[in-house]
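Data block below; observations after.
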Amino acid sequence: MKELMQSLRESAVQAILNADDAEKLENLRVRYLGKKGELTAILRQMGKLSAEERPVMGQLANQLRAELETAIEKRRAELSRVMMQKKLEQETIDVTLPAKDMRLGHKHPMYSVLDQIKDIFIGMGFEIVDGPEVELADYNFTKLNIDEGHPSREWTDTFYFTEDSRILLRTQTSPMQVHAMETKSLPIRMIAPGRVYRKDEVDATHSPMFHQIEGMVIDKGVTMADLKATLNLVVEKIYGEGTVTRFRPHHFPFTEPSCELDIQCHKCGGKGCPTCKGEGWIEVLGAGMVHPKVLSGCGIDPDVYSGWAFGMGLERLAMGEYKITDLRLIFENDVRFLEQF
Ligand code: PHE
Numbered sequence: 012m013k014e015l016m017q018s019l020r021e022s023a024v025q026a027i028l029n030a031d032d033a034e035k036l037e038n039l040r041v042r043y044l045g046k047k048g049e050l051t052a053i054l055r056q057m058g059k060l061s062a063e064e065r066p067v068m069g070q071l072a073n074q075l076r077a078e079l080e081t082a083i084e085k086r087r088a089e090l091s092r093v094m095m096q097k098k099l100e101q102e103t104i105d106v107t108l109p110a111k112d113m114r115l116g117h118k119h120p121m122y123s124v125l126d127q128i129k130d131i132f133i134g135m136g137f138e139i140v141d142g143p144e145v146e147l148a149d150y151n152f153t154k155l156n157i158d159e160g161h162p163s164r165e166w167t168d169t170f171y172f173t174e175d176s177r178i179l180l181r182t183q184t185s186p187m188q189v190h191a192m193e194t195k196s197l198p199i200r201m202i203a204p205g206r207v208y209r210k211d212e213v214d215a216t217h218s219p220m221f222h223q224i225e226g227m228v229i230d231k232g233v234t235m236a237d238l239k240a241t242l243n244l245v246v247e248k249i250y251g252e253g254t255v256t257r258f259r260p261h262h263f264p265f266t267e268p269s270c271e272l273d274i275q276c277h278k279c280g281g282k283g284c285p286t287c288k289g290e291g292w293i294e295v296l297g298a299g300m301v302h303p304k305v306l307s308g309c310g311i312d313p314d315v316y317s318g319w320a321f322g323m324g325l326e327r328l329a330m331g332e333y334k335i336t337d338l339r340l341i342f343e344n345d346v347r348f349l350e351q352f
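Heads up, the sequence shown is in this note's numbering, so the first residue is 12 and it goes up one at a time.
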């Protein structure tokens, strides 16, 4: 029996040293030390031994088991070290290779202007609100005192979704006046920037999609003087102190009285030049006192409350600020163009 164990030791140690992966090693463990393994098979014959020999052989068997277990463990550690080494060699990276060129994005000039305007109004306590571009004709027109039959409701001017002219792409941000009055508690001070859509052919000054900023104040005792003072202040912040403005009478169905605000051309000082197309003045926005009919339609008593509103085109503003001569450049998103600003 002693000889059997000796030969098992020799062949097992050799086999363990030769095992070249973890799976083979595990198979060896089962083969030699497992319940149906070779060592167990030897021990089964213990019964044939004398009472004196039995403990001696038992001790030898335990030693052998411990020895083989240690050998297997040692080999397992060796193998995993070798595997790790191999893996590291396979996965080496060349740190001297040049890095991939990372291109950082660039803020769009129109959004720079928008951020500037938001800052100005936030500084005056206005709230910035957002609303739907797909709108009901009710909000885009009717509640703004633009009745059926008004030319701006024509299919040739407006993108409708339904035959009954009920759902459309908003043609102006003015429906945001109605949304604000219907949902907010008074007083209201808000601006609402966003996209608007009209059936216009694309050229240097037109696009079927462009951006407007709506602004509105509703409170007790608000007058045209507030409108003028506030907008003059905004103009000075955008175009510089001392910019001369002109409030020119105009008509909008949802404001009464209505006006357009022009600034004196900052390029020629009002003499007339290519920037102002010889006019001396540049139109900036439309505005007016919110029509009593619009107020009462939104559940606000026009005898108690009054307000003013304005709407301005964002692209036009950005084009003026950055001396951009073609509207299409704003939407083409050619980085070579955008990176100049
Ligand atoms: N919505 C008008 C337009 O698109 C502008 C405007 C807004 C005028 C608010 C008066 C008050 O031309």
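Ideal placement from N, C-alpha and C gives every residue a C-beta, glycine not left out.
This structure is a prediction, so every number in the text was calculated from the model and none was measured.
Neighbour flag for residue i against chain B, beta carbons, 8 Å
i, result
"residue 249", "Absent here is chain B; the protein component of the structure consists of one chain."
Close beta carbons around residue i, own chain, < 7 Å, minus the five adjacent residues each side
i, result
"residue 308", "154"
"residue 270", "258, 259, 260, 261, 298, 299"
"residue 82", "24, 27"
"residue 239", "258"
"residue 131", "245, 248"
Residue i in three-state terms, based on DSSP
i, result
"residue 186", "helix"
"residue 104", "coil"
"residue 351", "coil"
"residue 143", "coil"
"residue 331", "helix"
"residue 271", "strand"
"residue 136", "coil"
"residue 298", "strand"
"residue 213", "coil"
"residue 167", "coil"
"residue 131", "helix"
"residue 115", "coil"
"residue 266", "strand"
"residue 125", "helix"
"residue 60", "coil"
Contacts around residue i, its chain only, beta-carbon distance under 6 Å, and the 5 residues preceding and following it disregarded
i, result
"residue 357", "Because the chain is modelled from 12 through 352, residue 357 falls outside the range shown and cannot be assessed."
"residue 333", "120, 352"
"residue 278", "284, 286"
"residue 345", "none"
"residue 199", "191, 229"
The alpha helix (DSSP H) enclosing residue i, as first and last residue numbers
i, result
"residue 69", "64-101"
"residue 41", "33-44"
"residue 27", "13-29"
"residue 340", "339-343"
"residue 53", "49-54"
"residue 244", "235-250"
"residue 155", "Unbroken run through residue 155: none, as it is neither H nor E."
"residue 307", "303-308"
"residue 149", "148-151"
Residue interval of the beta strand (DSSP E) (run including residue i)
i, result
"residue 206", "199-208"
"residue 259", "256-263"
"residue 317", "317-324"
"residue 220", "220-230"
"residue 178", "178-180"
Distance CB(residue i)-CB(residue j) smaller than 8 Å
i, j, result
"residue 225", "residue 188", "yes"
"residue 201", "residue 326", "no"
"residue 265", "residue 302", "yes"
"residue 27", "residue 39", "yes"
"residue 86", "residue 30", "yes"
"residue 134", "residue 228", "no"
"residue 126", "residue 203", "no"
"residue 49", "residue 42", "yes"
"residue 234", "residue 207", "no"
"residue 205", "residue 159", "no"
"residue 68", "residue 79", "no"
Own chain partners of residue i with C-beta closer than 8 Å, once the 5 adjacent residues on each side are dropped
i, result
"residue 73", "none"
"residue 246", "254, 256, 272, 274, 295"
"residue 312", "306"
"residue 217", "211, 338"
"residue 110", "none"
"residue 161", "152, 264"
"residue 251", "277"
"residue 356", "Only positions 12 to 352 of the chain appear in the structure, and residue 356 is not among them; the question remains open."
"residue 237", "228, 319"
"residue 36", "27, 30, 83, 86, 87, 90"
"residue 330", "336, 338, 341"
"residue 168", "162, 182, 209, 210"
Distance cut-off 7 Å: residue i Cβ against heavy atoms of the ligand ADP
i, result
"residue 275", "The ligand ADP is not part of this structure, which contains only the ligand PHE."
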